[in-house]
Structure formats: structure tokens, C-alpha cells
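For the sequence shown, our numbering assigns the number 19 to the initial residue and increments by one for each residue that follows. Virtual Cβ for every residue (Gly too), placed ideally from N, Cα, C. Keep in mind that this is a model prediction, so the values were computed, not measured.
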Amino acid sequence: MEQQSLFLCLDFGSQSVRTAIINSAGTVIVAEQLLNSNYLEPEQGQVEQTPQWFYQQCAICCQNLLEQAKIKEVDLTALCGIGITTMRNTIINLNIDGVPLRNAIVWSDKRKARITPKLPWYWRFVFTLVSIIKPVNKTIKELQQSAFINYIAEYEPKVWQQTEHLLLLSGYLHFKFTNKLVDSSANIISHLPFDFKHGQWRKSNSWQFNAIAVKPNWLPKLVVPGTEIGQLSQACQHDFKLPKTLPVIAMAADKACEILGSGCYKSGQLHISLGTAVSITMLSRKFKGPKVLYPAYPSLINGLYITEVMLPFGLSLLTEFINKNKAQLDFLSLNKVKHHCVEQLIEVYVEANNIKSDGLVFDMERITDVKHLSLGFIGLGQHSVFQQYVAIMEAITLGINQSISRLVKRMQQSVSSVVVSGGGANSDRLLQAIANKSKITVLKSTAIEAGILGVAIKLALSQNVYGSHEQAINAMLKPPITIKPNN
């Protein structure tokens, strides 16, 4: 019997790092997860972490994974590649020796630059003219203020002056893995001078370079997804406890890997990621962002772009609500069925008792922080905790439906079905509500960890196990579960 290829896949997310060994049939041989919620908060709204910590988390998780593999007598000599997908917009400043100059600023950080780089007069003139029709000056200012490197240039000038390399988390981990300053062109989802359409850095005279306090020589070399970045260094191989070195293959940002790992690989396919934040995305050959001056993002598939609409709070609303009302929900756990989470038990209770929101409305636009959840309710009276839960669920469903409509209108493409993945995909009630509200068939991905599986699919292609994305998906993914609208 021919030996199957094995792939070492990593996914560094906001709340955990996951690793898995997956074979060429898409089967997860062993998997490991390490929770990593202990970020640093120097001030309210700021989120940081030491760069070395990210690498250490990867090493510890891989060590634990390989211990499992040895117990199960997995043939680790069959490993033929490693790939990592990471959360986006997390930046790291390095000096000339590759040593971090400060903590990494994580994507969820709320700090803003106050004084931003001044555009040359000719760009200001152009945007002033354009603003007569569309208010682009305001959008550009918001983008400048959101760029973490602009904040560093303003408030930490010594760090800015000593910076020789500026990397995203993906690029930093590639550097730690291979000693090479290389990143994937599908990883640059950040406020950096990047040409999203052509997958390369902007020219130094572009308005984007003038708007962001970045020097061209700071930025890493970019390669397309599926390209070999380099071999794992001996130090990394030792830290991971691997029996041999492996080629490190360029991947894409977390959402792009999740989309591929859910089975989406064709133009016109719509995907919903039901996680801490909810993202509604469409794959397309058109380079068209969700609104003016906002780009489409690169996908794992060359020539396809991802147009994304976000609900920033997403299912964190339900998580926060359950935490705040834990005492009132404890009785559900008394006879808890094994492997059922609180959310599932709430849904069973709501369904069994036919609980409605009874006129209560939750407006997501009224809240700026998930911790101030109560501000979102309109008409809150003597409504039970379950009626409040239903109202939040209805708001999430409405937000998703409105986002689907926006994307379809913006992209001018009809959609016959939508593929759903993420933790929220375990909620049958939510999926049925999405199908009913949008009147579109929902396909529930059967992949437990779609992001990890997306990495495995790309690794299989890079090693020529399959000749196309379609072949790899047909071989490595199980058919989705179909949920049709009731009305």
C-alpha cells in the first residue's frame, strides 16, 4: 500500500494556536490546541504581546502534537511540508539584527494615531476634487489613523527610527522558522502600502506610501501562496521536536484559509465565518472592495479575490451575554447532556418552549464595546434572559442578511448557496434563521477546523499530490450538510 503524505498545519488565531497532522485524504491524524488569551493591556483598549511569545506558543503546541503522534505511532518521516496561517494586522518592529524593538501590536488594539503623515500637495489636490463627489478625504484620514506604524512614528519615535524590518505576525513566524524575511502576498491584510490587486508592495511615490510612515526597505519579500519560503532552520526543528527538517510553504491569512478549507474555490461562491467576529465574503475574479477605497483581499487561489464585509462583534455578543447571565442559566447545566455546550442547551430550551423576542430589539450599531451589551437593547422591559438571547440572535441574523444583500448588489453576482463554517456553525437554529431570512440555501461545512484544512489543501497542492484545487477539495473534504429555507 502506498504511503500517504502527511502535512504539518498551524493556525495562530486570536484565542488559540492550533496544530494538526493531516494526510492527503484530508483526515486529521492528530491535533492539538493551546489557548492563548493572556495578552498584555498596557492601557485600556491596547492589546500587545511579546513577539517571542508567538513563536514559543507554536513550539509548545507542536511539541505536544508530536508527543501525541508518537503515542499513536504516526510515521513522522511521511511529513513533507509545513504551513501556517495567522490572524491579520498584527505588526512587529525589528532592528537591523532581527531583534524586536517593542511588543507586537495585535489587530484588536484600539489605539489611533493623532498626527499622521501629510500627503504631497498634488495628492491632496486630487482627493479634494474627488471628495466633491465622494468623501474620500475622511476615509483616507481614518485609514491613516488606524495604521499602527503611524501611531509608533508619532508616540514612539525612537522605536520608529531604529526599525529596519516591519513584519506582520505571519512574516515574523516565517522569519523565526526559516531565518528569511519573506511573507505571502495573501497575508498582507493590514494598513500597509500594499497593492491588493497585483499582490505586491506599492511604488514609493504612491499615495499609500505617502500616507503610511513606512520605508520601502523595511518590508519583506513577497511570494505567492504555495511557494516554498525555505527549509525549517535547525533551531526551529529542534524547538518543534521534529525528526527532520521540512519545507515551509507560503499560505494566506486566516479567513482565506478558512474559505478554502470550507470548500470554496470558485468565483461567485459566498462564505460566512461564524466566529468571534462574523465575516461575510465572496470569491470573485473582480477586484472590487466592499466600498470605495476599501480593497478586495488576495485569496489562496491566484487570480481570485475576497470581498469581505465584517460584523465586528459577531458571536462574541452571545458569549458575553451568556457570561453576564451565567447565574440565570446555570439550571440548564444540571442535567447537561455530554458534549453539549451552553449555547446548544439554550437553543433546545428556546425551541422547546417556543420563546420569542416579544417586541424586544437588539441594535448592534448602538454598542462600541461588547462589554456594554445592555446599550444595544431597545424596548427592554420584563423580558426574560431567553427573550434577550433570542433578540441578540435575531440581530446577528439580520446583520448577516443585510451584509449578504450588500455583497450581492456590490458584486452584481447572484448567489444560489452560501457555505458556513466556524464555531457558530454548530447552531442549527442560527443556520436555519440565516437560510430563512436570506432565502438562500446554507451549506454547513463538515470541516471541524476549516482554517487548518485549508492549509493542508494548499500543502497537498504544493507537493503535487493533486493537480488542482478542485481535485484536492473533492479528495480532502466531505460533502457539506444542506439547510434549505423553510419559507
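Looking at C-alpha atoms only, which residue of I47, E59 and D115 is the closest neighbour of L83?
Along the sequence shown, read from residue 1 onward, the residue named residue 83 stands at position 65. If we check each option's Cα against that of L83, I47 comes out closest.
So for K356, helix, strand or coil by DSSP?
On the sequence shown, position 338 is the one that residue 356 refers to. A caution first: K356 carries a pLDDT of 47, below 50, which makes its placement in the model too unreliable to give a value.
Please say whether G417 and L329 have beta carbons closer to each other than 7 Å?
By 1-based counting over the sequence shown, the position of residue 329 is 311. By 1-based counting over the sequence shown, the position of residue 417 is 399. In contact: L329 and G417 (Cβ atoms closer than 7 Å).
Any idea if Y173 is buried or exposed, counting beta-carbon neighbours within 10 angstroms, 16 or more meaning buried?
On the sequence shown, position 155 is the one that residue 173 refers to. It is exposed - the Cβ of Y173 has fewer than 16 other Cβ atoms within 10 Å.
By the three-class DSSP mapping on this structure, what secondary structure does P507 have?
The question about residue 507 has no answer, for the chain in this structure spans 19 to 505.
Can we say the stretch 223-231 touches the stretch 256-273, given the rule of at least three CB pairs closer than 8 Å?
Touching, no, given that fewer than three Cβ pairs across the two stretches are closer than 8 Å.
Looking at the unbroken alpha helix (DSSP H) that takes in F25, where does it start and where does it end?
In the sequence shown, residue 25 corresponds to position 7, counting from 1. From DSSP, F25 is part of no alpha helix (DSSP H) but of the beta strand (DSSP E) over L24 to F30.
Could you give the C-beta distance for Q420 and N504, rounded to a whole number, given that I count them as a contact under 8 Å?
Translated into positions along the sequence shown, residue 420 becomes position 402. Translated into positions along the sequence shown, residue 504 becomes position 486. The pair is not a contact, with the Cβ atoms about 20 Å apart (cut-off 8 Å).
Look up H256 in the DSSP assignment and say whether it is helix, strand or coil.
Numbered from its first residue, the sequence shown carries residue 256 at position 238. It is helical.
In or out: G469 buried (at least 16 other Cβ within 10 Å) or exposed?
Locating residue 469 in the sequence shown gives position 451, where the first residue counts as 1. Per the 10 Å Cβ criterion, buried.
By a C-beta neighbour count over all protein chains shown, 10 Å radius and 16 as the cutoff for buried, is L191 buried or exposed?
Here the question's residue 191 lines up with position 173 in the sequence shown. Classification for L191: buried.
Using a Cβ-Cβ cutoff of less than 8 Å, which residues in the same chain neighbour L240 once the five nearest sequence positions on both sides are dropped?
Taking the sequence shown and counting its residues from 1, one reaches residue 240 at position 222. Within the same chain, L240 has close Cβ partners V200, D201, S202, S203, I206, G217, Q218 and W219.
If you measure between the beta carbons of Q163 and A122, is that distance less than 7 Å?
Along the sequence shown, one-based indexing puts residue 163 at 145. Along the sequence shown, one-based indexing puts residue 122 at 104. Not closer than 7 Å, so no.
Along the chain, where does the alpha helix (DSSP H) that runs through G286 open and close?
Residue mapping note: residue 286 aligns to position 268 of the sequence shown, counting from 1. Element bounds for G286: n/a, residue is neither H nor E.
Comparing C-alpha positions only, which one of F212, T386 and N235 sits nearest to P313?
Counted from its first residue, the sequence shown places residue 313 at position 295. The shortest C-alpha separation from P313 is found at F212.
Pick out whichever of A478, L301 and F145 has its Cα sitting closest to the Cα of I491.
Numbered from its first residue, the sequence shown carries residue 491 at position 473. For I491, the nearest C-alpha among the options comes from A478.
Using 8 Å as the Cβ pair cut-off and three pairs as the minimum, do the stretch 382-402 and the stretch 428-447 touch?
Touching, no.
What residue range does the beta strand (DSSP E) around C98 cover?
Taking the sequence shown and counting its residues from 1, the one referred to as residue 98 is at position 80. That run of the beta strand (DSSP E) goes L97 to T104.
Output the distance between the C-alpha atoms of G248 and C79, rounded to the nearest integer angstrom.
Residue mapping note: residue 248 aligns to position 230 of the sequence shown, counting from 1. Residue mapping note: residue 79 aligns to position 61 of the sequence shown, counting from 1. Each residue's alpha carbon lies about 21 Å from the other.
By how many angstroms is the C-alpha of R447 removed from the C-alpha of C502?
As a working mapping, residue 502 is identified with position 484 in the sequence shown. As a working mapping, residue 447 is identified with position 429 in the sequence shown. Before going on, a small fix: residue 502 reads as Lys here, not Cys. Rounded to whole angstroms, K502 to R447 spans 12 Å at the Cα level.
So the alpha helix (DSSP H) H390 belongs to, where does it begin and stop?
Translated into the one-based positions of the sequence shown, residue 390 becomes position 372. Looking at the DSSP string, H390 is not in any alpha helix (DSSP H), and its letter there is neither H nor E.
Between T245 and K476, what straight-line distance do the alpha-carbon atoms span, to the nearest angstrom?
Sequence index remark: in the sequence shown, residue 245 carries index 227 (1-based). Sequence index remark: in the sequence shown, residue 476 carries index 458 (1-based). Taking the straight line joining both Cα atoms gives about 10 Å.
Taking the continuous beta strand (DSSP E) assigned at Y312, which residues delimit it?
To locate residue 312, count along the sequence shown from 1; it is residue 294. Premise fails: Y312 is in no beta strand (DSSP E) and is neither H nor E.
Mind checking T45: buried by the 16 CB within 10 Å criterion, or exposed?
The residue labelled residue 45 in the question sits at position 27 within the sequence shown. Per the 10 Å Cβ criterion, exposed.
Quick check on Q51: does DSSP put it in helix, strand or coil?
Residue numbering aside, residue 51 sits at position 33 when the sequence shown is read from its first letter. Strand at Q51.
Any contact between the stretch 177-191 and the stretch 98-115? By contact I mean 3 or more CB pairs, one from each, below 8 Å.
Contact between the stretch 177-191 and the stretch 98-115 is present, because at least three Cβ pairs lie under 8 Å.
Going by other Cβ atoms of all chains shown within 10 Å of its Cβ, with 16 needed for buried, is H183 buried or exposed?
Here residue 183 refers to the residue found at position 165 of the sequence shown. By the neighbour-count rule (16 or more Cβ atoms within 10 Å), H183 is buried.
Could you give the distance in angstroms between the alpha-carbon of Q81 and the alpha-carbon of V408?
Here residue 81 is taken as the residue at index 63 of the sequence shown, counted from 1. Here residue 408 is taken as the residue at index 390 of the sequence shown, counted from 1. If you take the alpha carbons of Q81 and V408, they lie about 42 Å apart.
Is it right to say P308 is buried, meaning 16 or more other beta carbons lie within 10 angstroms of its own, or is it exposed?
By one-based count along the sequence shown, residue 308 stands at place 290. Buried is the call here.
In or out: F331 buried (at least 16 other Cβ within 10 Å) or exposed?
On the sequence shown, residue 331 is found 313 positions in, with the first residue counted as 1. Flag for F331 reads buried.
Tell me where the alpha helix (DSSP H) around Q249 begins and ends.
Along the sequence shown, one-based indexing puts residue 249 at 231. Looking at the DSSP string, Q249 is not in any alpha helix (DSSP H); the run it does join, the beta strand (DSSP E), is E246 to Q249.
Out of V310, G286 and S291, state which residue places its alpha-carbon closest to the alpha-carbon of G279.
Sequence index remark: in the sequence shown, residue 279 carries index 261 (1-based). The option with the nearest alpha carbon to G279 is S291.
Just list the residues that DSSP pairs E326 with in beta bridges.
The residue labelled residue 326 in the question sits at position 308 within the sequence shown. According to DSSP, which records beta bridges pairwise, E326 is partnered with T299.
At which residue ranges does the stretch 451-479 contain complete beta strand (DSSP E) runs of 3 or more residues, listed in the order of the chain?
DSSP runs (the beta strand (DSSP E)) wholly in the stretch 451-479: 459-462.
Starting from the C-beta of V388, find all residues in its chain whose C-beta is less than 7 Å away, skip the five residues before and the five after it, and write them out in chain order.
The count along the sequence shown starts at 1 and reaches residue 388 at position 370. The answer, listed in chain order, is F331, S334, L335 and E338.
If the criterion is Cβ atoms closer than 7 Å, does the pair Y285 and S297 meet it?
For the purposes of this step, residue 285 is identified with residue 267 of the sequence shown, where counting begins at 1. For the purposes of this step, residue 297 is identified with residue 279 of the sequence shown, where counting begins at 1. Per the sequence presented here, residue 285 reads as Ser, with Tyr not at that position. Cβ distance not < 7 Å, so S285 and S297 don't count as in contact.
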